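Peer 1: First to last, the sequence lines map onto chains A and B. The first sequence begins at 1 in our numbering and counts up one residue at a time. The second sequence begins at 256 in our numbering and counts up one residue at a time. C-beta atoms are modelled at their ideal positions from N, C-alpha and C, and glycine is treated no differently. Keep in mind the model is a prediction, meaning the values are calculated, not measured. Structure incoming, see below.
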Amino acid sequence: MSKVLKVRNLTKSFGGVCAVDDVSFDLEKGRLLAMIGPNGAGKTTCFNLINGQLKPDRGSIVIMGKQIAGFKPHRVWQLGVGRTFQITATFASMSVLENVQMARLSFHRRTLSIFQKVRNLYVDESMELLKLVGIEKQRDHACGVLAYGDLKRVELAMALANDPRLLLMDEPTAGMGPAERSRLMEQISGIVQTRNIGVLFTEHDMDVVFTHAHRIIVLNHGKLVAEGTPQEVHANAQVQEIYLGAAETARLEKR
Amino acid sequence: MLKVHALNTFYGKAQILFGMNLKILAGEIVVLLGRNGVGKTTAFKSIMGIAPPETGEITFKGIPIHHLPPHKTCNLGLGYVPEDRRIFTQLTVMENLEVGKQPPRKGYRPWTAERLFELFPNLAERQNLIGGALSGGEQQMLTIARTLMGNPEMIILDEPSEGLAPVIVEQLARTIKKLKNEGVSILLAEQNLNFARLICDRAYIIHQGRVFHESPIDTLSGEAYAKYCSV
Ligand SMILES: Nc1ncnc2c1ncn2[C@@H]1O[C@H](COP(=O)(O)OP(=O)(O)OP(=O)(O)O)[C@@H](O)[C@H]1O
Ligand SMILES: [Mg+2]
Numbered sequence: 001m002s003k004v005l006k007v008r009n010l011t012k013s014f015g016g017v018c019a020v021d022d023v024s025f026d027l028e029k030g031r032l033l034a035m036i037g038p039n040g041a042g043k044t045t046c047f048n049l050i051n052g053q054l055k056p057d058r059g060s061i062v063i064m065g066k067q068i069a070g071f072k073p074h075r076v077w078q079l080g081v082g083r084t085f086q087i088t089a090t091f092a093s094m095s096v097l098e099n100v101q102m103a104r105l106s107f108h109r110r111t112l113s114i115f116q117k118v119r120n121l122y123v124d125e126s127m128e129l130l131k132l133v134g135i136e137k138q139r140d141h142a143c144g145v146l147a148y149g150d151l152k153r154v155e156l157a158m159a160l161a162n163d164p165r166l167l168l169m170d171e172p173t174a175g176m177g178p179a180e181r182s183r184l185m186e187q188i189s190g191i192v193q194t195r196n197i198g199v200l201f202t203e204h205d206m207d208v209v210f211t212h213a214h215r216i217i218v219l220n221h222g223k224l225v226a227e228g229t230p231q232e233v234h235a236n237a238q239v240q241e242i243y244l245g246a247a248e249t250a251r252l253e254k255r
Numbered sequence: 256m257l258k259v260h261a262l263n264t265f266y267g268k269a270q271i272l273f274g275m276n277l278k279i280l281a282g283e284i285v286v287l288l289g290r291n292g293v294g295k296t297t298a299f300k301s302i303m304g305i306a307p308p309e310t311g312e313i314t315f316k317g318i319p320i321h322h323l324p325p326h327k328t329c330n331l332g333l334g335y336v337p338e339d340r341r342i343f344t345q346l347t348v349m350e351n352l353e354v355g356k357q358p359p360r361k362g363y364r365p366w367t368a369e370r371l372f373e374l375f376p377n378l379a380e381r382q383n384l385i386g387g388a389l390s391g392g393e394q395q396m397l398t399i400a401r402t403l404m405g406n407p408e409m410i411i412l413d414e415p416s417e418g419l420a421p422v423i424v425e426q427l428a429r430t431i432k433k434l435k436n437e438g439v440s441i442l443l444a445e446q447n448l449n450f451a452r453l454i455c456d457r458a459y460i461i462h463q464g465r466v467f468h469e470s471p472i473d474t475l476s477g478e479a480y481a482k483y484c485s486v
């Protein structure tokens, strides 16, 4: 079975507004699927549905062949779903290494007894994760003092701490400069290949999307309005109108 | 309009800014370029009084502001859009705008909720939704809109294009140019060079808490940019 994720007729409303409206798509192992669309199109809501933070009104989500309807986030996480957030979520007062150690700790399903120090647990495994995302030099820095882009890397290391088969990344390169963005995406592409993970990610940086995604799906007002290869999506007149705009379309053509 | 002289700013024992100098003329759009963590945000926080400098001088319209708390600086007509979307999550979109409101300033066209809704249609459709329910990009729009409601004479924007859809970024670029034409001065930090090139007059390249290079954006040296801004 090569499908990591199968989404069918996914629907979610808030009050009168349909934030996700009858959305269906698949994701295969070792592939990067980009979900793009205007602000408020329903991308983050989709992520929240897939990782169990929100309950769908309708539709099904199958992860690694398992229906996850009604699963709580930690059960979805145990199935091997890693996630990074649009708004970062690390412990500011703890060090980079400690944050990742904590994530690794819950992967091994251990809780810390009050006599134990996190300091000595899973150091090697955690350091390996830090190296993987290229932040091992900052291991002892408190997360609270990190630049935004570095914080995103810590989050990625934490998302990888449960050896995920499916990785959900909401704007992984936000807050980074162009060079750092492409470096991180290259690292992610490498990790995806070697670990055979399926990745679903959102981004508003089109250089990142059109360079690194194998396929792209486009949401607008909660509906899936386009799907295809980067070339197909870029050439789609509706996508140009609702999302890319004239300037960005022209810039991408020159690329 | 704004003059920053020999700024030294510390977080605890760590020095972040080393004798930084900046000057923004009335009606100018100036960008700070530079990698992550080189001190752009700290420079803004120092100017706004959130991270006051240890030594150095900052004047706005000739008035020294380096001893002023943030709200006093704001009242003088200096608006600030931080990178970490500062909105009231429990208040509605409309209430957020009301809270940001300040009297119009002589010689500047006053902002109204209607004008801002034209600019950000997303917000118009969600006037009565609480801020916390907005999407990430919508929160960014609300942060910018709320700052404009203060009718500032000068605005500091920390990575304004971040998290916004390309069409909205294009619209934002047009608005910033319009603001300039209305006489508003603008200082921003950007990692999106395409966006910066579209709107800015002048650029400072920042590295390790210092200004390393200064030039009009049109003649910005590709060499200097490559050296200090890419990895
Ligand atoms: N609890 C809620 N109540 C009402 N509306 C909500 C709630 N949560 C989200 N929404 C609305 O649902 C829509 C989809 O939001 P979502 O965060 O999924 O957008 P997005 O595609 O991730 O946008 P962005 O690119 O800006 O991050 C938005 O218009 C938002 O205002
Ligand atoms: Mg989102």
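1) Tell me whether D26/A counts as near ligand 2, meaning its Cβ is closer than 7 Å to at least one heavy atom of that ligand.
2) Cβ of H141/A less than 8 Å from any chain B Cβ?
3) Check the C-beta distance from D170/A over to F47/A and give it rounded, since I have them as a contact under 8 Å.
4) Based on Cα-Cα distance, which residue from A269/B, S301/B and Q270/B lies nearest to K258/B?
5) Tell me whether the beta-carbon of E425/B lies closer than 8 Å to the beta-carbon of A174/A.
6) Let me check one thing: in DSSP terms, what residues is I441/B bridge-paired to?
7) Using C-beta distances below 6 Å, list every residue in its chain close to I320/B, excluding the 5 sequence neighbours before and after it, in chain order.
8) Jot down the residue ranges of each uninterrupted alpha helix (DSSP H) in the stretch 32 to 92 of chain A, minimum 4 residues, whole runs only, in chain order.
9) Using a threshold of 7 Å, is the CB atom of T45/A nearer than that to any non-hydrogen atom of ligand 1?
10) Could you check which residue in I135/A, I50/A, D140/A and Q101/A has the C-alpha nearest to that of E125/A?
11) Just to confirm my understanding: we take V466/B, look at its own chain, exclude 5 residues before and 5 after, and list those with CB closer than 8 Å. What are they?
12) Flag this pair as yes or no: are the beta carbons of K29/A and S2/A separated by less than 8 Å?
13) Return the chain-ordered list of same chain residues with a C-beta closer than 7 Å to the C-beta of N377/B, the five sequence neighbours on each side being excluded.
14) Would DSSP call C18/A helix, strand or coil?
15) Within the same chain, show all residues whose beta-carbon is closer than 8 Å to that of I472/B, passing over the 5 residues directly before and after it, in chain order.
16) Quick check: is any heavy atom of ligand 2 less than 7 Å from the C-beta of G387/B?
17) Along the beta strand (DSSP E) that carries F273/B, what are the first and last residues, could you check?
18) Among D163/A, V218/A and Q240/A, which one has its Cα closest to the Cα of A41/A?
19) What does the Cβ neighbour count give for D163/A, buried or exposed, with the cut at 16 atoms within 10 Å?
20) Is any non-hydrogen atom of ligand 1 found closer than 7 Å to the C-beta of S390/B, if you look at the structure I gave you?
21) Check whether chain E comes within 8 Å of F14/A, counting only Cβ atoms and requiring the distance to be less than that.
22) DSSP three-state call for T328/B: helix, strand or coil?
23) I'd like to know if Y243/A contacts chain B, where contact means its C-beta is closer than 8 Å to some C-beta of that chain.
24) Quick one, which residues of the stretch 170 to 184 of chain A are near chain B if we go by CB-CB under 9 Å, in chain order?
25) Does the Cβ of L280/B have 16 or more other Cβ atoms within 10 Å, making it buried, or fewer, making it exposed?
26) Between L371/B and chain A, is the shortest Cβ-Cβ distance under 8 Å, so that the two count as touching?
27) At 8 Å on the CB atoms, spell out the chain A contacts of L448/B, in chain order.
28) Would you tell me roughly how many angstroms separate the C-alpha atoms of G386/B and G15/A, rounded to the nearest one?
29) Let me know if K268/B comes out buried or exposed under the rule of 16 or more other beta-carbons within 10 Å of its beta-carbon.
30) Output yes if chain A places a C-beta closer than 8 Å to the C-beta of I423/B; else output no.
31) Taking only heavy atoms of ligand 2 into account, decide whether any of them is closer than 7 Å to the Cβ of D205/A.
32) Roughly how many angstroms separate the alpha carbons of R104/A and M158/A, rounded to a whole number?
33) Under a three-way DSSP split, which group does M256/B fall into?
34) With DSSP collapsed to three states, give me the class of T267/A.
35) For Y335/B, write down the residues that DSSP places opposite it in a beta bridge.
36) Given 7 Å as the limit, tell me if G134/A has its C-beta closer than that to any heavy atom belonging to ligand 1.
Peer 2: Judging by the given coordinates:
1) Not under cutoff, so the answer is no.
2) Closer than 8 Å: no.
3) The pair is a contact, with the Cβ atoms about 6 Å apart (cut-off 8 Å).
4) For the residues A269/B, S301/B and Q270/B, the minimum Cα distance to K258/B belongs to S301/B.
5) No Cβ-Cβ contact shorter than 8 Å links E425/B with A174/A.
6) DSSP output for I441/B lists I284/B and I410/B as bridge partner(s).
7) Apart from the 5 residues on each side of it in sequence, I320/B sits with its Cβ closer than 6 Å to the Cβ of I313 and T328 in its chain, given in chain order.
8) Correct list: 43 to 50 and 73 to 78.
9) Within the cutoff, so yes.
10) Nearest in C-alpha terms to E125/A, of all of I135/A, I50/A, D140/A and Q101/A, is Q101/A.
11) Cβ within range, chain order: M275, N276, L277, Y459 and I460.
12) Contact: yes.
13) Counting only residues of its own chain and dropping the five nearest sequence neighbours on each side, N377/B has a CB closer than 7 Å to the CB of E393 and M396.
14) Residue state, collapsed to three classes: strand.
15) The beta carbon of I472/B sits closer than 8 Å to those of V286, A451, R452, C455, D456, R457 and A458, all from its chain and outside the five residues before and after it, given in chain order.
16) No, the beta carbon of G387/B sits no closer than 7 Å to any heavy atom of ligand 2.
17) Its beta strand (DSSP E) spans residues A269 to I279.
18) Of all alpha-carbon atoms in D163/A, V218/A and Q240/A, the one lying nearest the alpha-carbon of A41/A is that of V218/A.
19) Classification for D163/A: exposed.
20) Result yes, Cβ under 7 Å from ligand 1.
21) As a matter of chain content, chain E is missing from the structure shown, whose protein chains are A and B.
22) Three-state DSSP puts T328/B in a helix.
23) Interface annotation, Y243/A: in contact with chain B, CB-CB separation under 8 Å.
24) Listed in sequence order: D170, E171, A174, G175, M176, G177, P178, A179, E180, R181 and R183.
25) Looking at its Cβ environment, which holds fewer than 16 other Cβ atoms inside 10 Å, L280/B is exposed.
26) Taking Cβ atoms only, chain A never reaches closer than 8 Å to L371/B, which makes this a no.
27) Those are P178, listed as they occur along chain A.
28) Rounded to whole angstroms, G386/B to G15/A spans 15 Å at the Cα level.
29) Answer is exposed; the Cβ neighbour count stays below 16.
30) Closer than 8 Å: yes.
31) Flag unset: Cβ of D205/A not near ligand 2.
32) Using only the alpha carbons, I get a separation of about 8 Å.
33) Residue state for M256/B is assigned as coil, using DSSP reduced to three classes.
34) A question about residue 267/A goes unanswered here, because the residues of chain A that appear run from 1 up to 255.
35) DSSP, once it has assigned bridges, lists I411/B as partnering Y335/B.
36) Answer for G134/A: no, Cβ out of range of ligand 1.
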